[in-house]
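Just so we're aligned: the sequence shown equals residues 1 to 227 in the working numbering.
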Amino acid sequence: MTDGPAPNRTPTFSEWTGDRMLDDTRRRTAHMHSYLTDVQRAVGEVSLTELSDVAAILERAYTAGRTVFTCGNGGSAATASHLAVDLSKNTRLPGTPPLRVMSLVDHVPAITAWANDVGYESVFSGQLTGLAGEGDVVIGISTSGNSPNVLEALRHARELGALTVGLLGPTAVRAAALCDRWVTAPAESIEEQEDIHMMIAHLLTRHMREFVRAGGTVPASAQGSGR
1 MTDGPAPNRT PTFSEWTGDR MLDDTRRRTA HMHSYLTDVQ RAVGEVSLTE
51 LSDVAAILER AYTAGRTVFT CGNGGSAATA SHLAVDLSKN TRLPGTPPLR
101 VMSLVDHVPA ITAWANDVGY ESVFSGQLTG LAGEGDVVIG ISTSGNSPNV
151 LEALRHAREL GALTVGLLGP TAVRAAALCD RWVTAPAESI EEQEDIHMMI
201 AHLLTRHMRE FVRAGGTVPA SAQGSGR
């Protein structure tokens, strides 16, 4: 009896060595280093003045007992949801009133009802009609600044007397025109812009936690010169 051909077998990691592995590692790390370098550069170019202006709006909303609403699409929807839970939970301290925050991206029945009955551009603004009012804050997150439902949310928020904030990409001029204040993620790729938006979400959360801890005043550790 003769042996048949050896079956195809994927080499184990320990067997996958030599020049090929070294070359592949170099290519991978070169690409990864380039991405990290680009993100680091963009983070260094985020405007502290823009961040401070947005933080001031959140401070005002907290002090007045108003509600902050967040919205976005795709990856920006995930950021909107993440920002809402962080702002509402991670700023909660014993003996202090809560910061009221609501994500407009998480109510699936409401989103599908508005999309089906009226149009997808109304999925956020439709919710705001019965929820938002004078002095509330609506945060629209969009790298392109062209999402019809985010634009409509910002436009309608102004009609309701709410303040509007944007976490935007560098070319998001349409959304910026509907925002009282905004922060630009000065990066080229969408992935990098979304990374920076998430970093801004965490930065604002930490700032608001310290604001709440300081009794509704800007803590010394949060003060500094703008750029």
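We put the CB at the ideal spot given by N, CA and C, even for glycine.
These numbers were taken from a predicted model, which means no experiment stands behind them.
Report, in whole angstroms, the separation of the C-beta atoms of residue i and residue j, which I expect to be a contact under 8 Å.
i	j	result
Leu178	Arg158	7 Å
Val54	Arg100	Between Arg100 and Val54 the Cβ distance is about 17 Å, and since that is not below 8 Å, they are no contact.
Pro98	Ser88	7 Å
Ser47	Val183	7 Å
Ala153	Phe124	4 Å
Glu194	Thr79	7 Å
Ala132	Leu160	5 Å
Leu151	Ala175	6 Å
Val165	Tyr62	That pair is no contact at about 14 Å.
Ala64	Gly135	5 Å
Going by alpha carbons, who is nearest to residue i out of the options?
i	options	result
Val138	Leu93, Thr184, Asp86 and Thr70	Thr70
Leu83	Pro94, Met208 and Ala64	Met208
Leu167	His31, Asp117 and Asn73	Asn73
Val39	Thr91, Ala185 and Ala113	Ala185
Leu204	Arg27, Leu58 and Glu45	Leu58
Ile196	Val165, Thr217, Ala175 and Gly169	Gly169
Arg181	Ala201, Gly140, Gly215 and Asp86	Gly140
Met102	Val118, His202, Leu128 and Glu50	Leu128
Arg155	Gly126, Gly95, Met32 and Ser34	Gly126
Thr143	Glu50, Ser189 and Gly130	Ser189
Gly130	Thr112, Leu104 and Val108	Leu104
Thr217	Thr37, Ala56 and Ile111	Ala56
Asn90	Glu210, Ala220 and Pro219	Glu210
Pro219	Arg66, Ser52, Ala110 and Thr112	Ser52
For the alpha helix (DSSP H) containing residue i, name the first residue and the last one.
i	result
Leu163	Note, Leu163: premise wrong, no alpha helix (DSSP H); beta strand (DSSP E) at Leu163 to Leu168.
Ser88	Gly75 to Lys89
Val173	Val173 to Ala176
Ser147	Segment: none, Ser147 is in no alpha helix (DSSP H) and carries neither H nor E.
Gly126	Ser125 to Thr129
Thr112	Val108 to Asp117
Asp181	A small fix is needed here, since residue 181 is Arg in this sequence, not Asp. Segment Arg181 to Thr184 is the beta strand (DSSP E) holding Arg181; no alpha helix (DSSP H) there.
Thr63	Leu48 to Ala64
So is the beta-carbon of residue i under 7 Å away from any non-hydrogen atom of the ligand MN?
i	result
Asp180	This structure lacks the ligand MN, and indeed carries no ligand of any kind.
Starting from residue i, follow the beta strand (DSSP E) in both directions and report where the run begins and ends.
i	result
Phe211	Phe211 -> not in any beta strand (DSSP E); alpha helix (DSSP H) instead, spanning Ile190 to Arg213.
Ser122	Element bounds for Ser122: n/a, residue is neither H nor E.
Gly72	Thr67 to Gly72
Taking the CB atoms as reference points, tell me whether residue i and residue j lie closer together than 8 Å.
i	j	result
Ser81	Asp106	yes
Ala187	Ala30	no
Ala245	Asp86	Nothing can be reported for residue 245: it is not among the residues displayed for the chain, which extend from 1 to 227.
Asn146	Glu121	no
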